[in-house]
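Per our numbering, the sequence shown runs over residues -16 to 184. Don't be surprised by glycine CBs; every beta carbon is placed ideally from N, CA and C. See below for the structure under consideration.
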Amino acid sequence: MRVAIFVSGRGSNMEAILNEKKKGNLPNAEIALVLSDKADAPALEKANAAGVKTVFVDSKPYRKNREGYDAEVLKVLREHNIEFIVLAGFMRIITPVLIEAFSHRIINIHPALLPAFPGLHAQKQALDYGVKVSGCTVHFVDAGMDTGPIILQTAIPVNPDDTEDTLSARILEFEHRLLPRALDLATSRRLRVDGRKVYLL
Ligand code: GAR
């Protein structure tokens, strides 16, 4: 499947996917495009260095028009014959314009055990709440904020002396394993979605 990775920032999860691809561990995923909503996202440079086609889609003309932005993104995706989308630190809400065009073909990585702590600063939310366990989740994207059917999760203990930085770094290591694994399952057509439940075939 021709895959687009959507990024907004650092791009370490994108790099994890590119590394797994290089190792031959994503036989059914062709990383055809990296798309960013931020012109200066470090992820863009990293993708270019890895020889992956990149595109920046500016959100400024669409400040009050999320659907308009997604329609522009959809145009770019169609130009590149994209079949599957990975959100890897893409910090925008996706509208039905994209979700309906890519039904059960958009996945997202989130740095918490959903449904706990959706949205921004999930690791800080977890620390502030005082949970003893957090982790990361890969899920299909629906119209809500981090609410779609869950594909894979990893649980990680929270240490008493953890800061937002130490917890985030520890979770990130596991994100880098979980996201390529979920992408492999999805592009190998080994996932079946039934309502909220995702079955591994
Ligand atoms: C990752 O921790 C990812 O889980 C998080 O942003 C970071 C991006 O890092 N995503 C969310 O919080 C989405 N709600 P990266 O750019 O180095 O992959």
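Under a three-way DSSP split, which group does E66 fall into? In the structure shown, E66 sits in coil (DSSP, three-state: anything other than H, G, I, E or B).
Write down the C-beta distance between S19 and V56 rounded to the nearest angstrom, noting that I regard them as a contact closer than 8 Å. That belief does not hold up - the Cβ atoms of S19 and V56 are roughly 11 Å apart, past 8 Å.
Runs of alpha helix (DSSP H) wholly within the stretch 55 to 142 (minimum 4 residues, chain order): Secondary structure within the stretch 55 to 142: the alpha helix (DSSP H) runs of 4 or more consecutive residues, fully enclosed, are 79 to 84, 105 to 112 (chain order).
Among P98, S151, T170, which one has its Cα closest to the Cα of Q136? Selection P98, S151, T170 evaluated against Q136 yields P98 as nearest (Cα-Cα).
Report the rounded CA-to-CA distance for A22 versus K29, giving the unit in angstroms. Looking at the two C-alpha atoms, the distance is approximately 13 Å.
With a threshold of 6 Å, establish whether the CB of S(-5) neighbours any heavy atom of the ligand GAR. Yes.
At a threshold of 6 Å, does P94 count as lining the ligand GAR (C-beta to nearest heavy atom)? At least one heavy atom of the ligand GAR is nearer than 6 Å to the Cβ of P94, so yes.
Is A33 near L70, with beta carbons less than 7 Å apart? Against a cut-off of 7 Å, the Cβ pair of L70 and A33 comes out as no contact.
Three-state class that DSSP yields for K180 in the structure shown: Residue state, collapsed to three classes: strand.
Grab me the residues of G131's own chain with a C-beta within less than 7 Å of its C-beta, minus the 5 sequence neighbours each way, in chain order. If the five residues before and after G131 are omitted, its C-beta is found closer than 7 Å to the C-beta atoms of H122, F123, V124, D125, all from its own chain and listed in chain order.
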